[in-house]
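In what follows, a structure is listed as structure tokens, so that the remarks can point back to it.
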């Protein structure tokens, strides 16, 4: 599974404006809405917030991978965002999150959903890669970095 195949370039947000968890989810989910017929932003954010109540998807090292399952969708959907200021996502290490991958999955996609989460986690294990993402100047630069790292793994 290639991460880049799930990520529309328009859903790479290099400068998230959000200052809180729900705002991050709203901003990232909004770019996916055109590919989610029949769903509202409220529907999507509600599913994501329910998942957050089970435990934060802020995994540490300035990374958060919010995710949720929706019976209304047929394929995995992915968005990426970067917050230069950082957002308190209640990460395990207590640090603000700067890099966000938002994953939406069909309700019946447990195996694939977990594979994508694992691959994103592997991509972000590299401190130098995380730093490159933070230093990238544009959406195109972010896309290129993600593409190259995706191909490596």
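In this note's numbering, the protein residues as written are 79 to 231. Backbone N, C-alpha and C define an ideal beta-carbon position, used for all residues, glycine too.
So, under 8 Å CB-CB, residue i and residue j are touching, yes? Tell me the CB distance rounded to an integer number of Å.
i	j	result
residue 194	residue 102	Incorrect: roughly 19 Å between the Cβ atoms, too far for contact.
residue 216	residue 115	Rounded, the Cβ-Cβ distance is 30 Å, inconsistent with contact.
residue 221	residue 90	6 Å
residue 184	residue 147	7 Å
residue 141	residue 177	5 Å
Indicate the three-state DSSP secondary structure (helix, strand or coil) for residue i in the structure shown.
i	result
residue 158	strand
residue 164	strand
residue 112	helix
residue 151	coil
residue 169	coil
residue 140	coil
residue 182	strand
residue 177	strand
Using the Cβ count rule (16 or more neighbours within 10 Å means buried), how would you classify residue i?
i	result
residue 79	exposed
residue 87	exposed
residue 175	buried
residue 161	buried
residue 231	exposed
residue 107	buried
residue 95	exposed
residue 153	exposed
residue 163	exposed
residue 201	buried
residue 144	buried
residue 157	buried
residue 136	buried
residue 105	buried
residue 224	buried
Grab the span of the alpha helix (DSSP H) containing residue i for me, first residue to last.
i	result
residue 197	188 to 201
residue 222	217 to 230
residue 210	205 to 213
residue 120	119 to 132
What first and last residue would you give for the beta strand (DSSP E) that runs through residue i?
i	result
residue 87	85 to 91
>> Could you check whether the segment 201 to 213 touches the segment 117 to 131, counting it as contact only if at least three pairs of C-beta atoms, one from each stretch, sit closer than 8 Å?
In response: no
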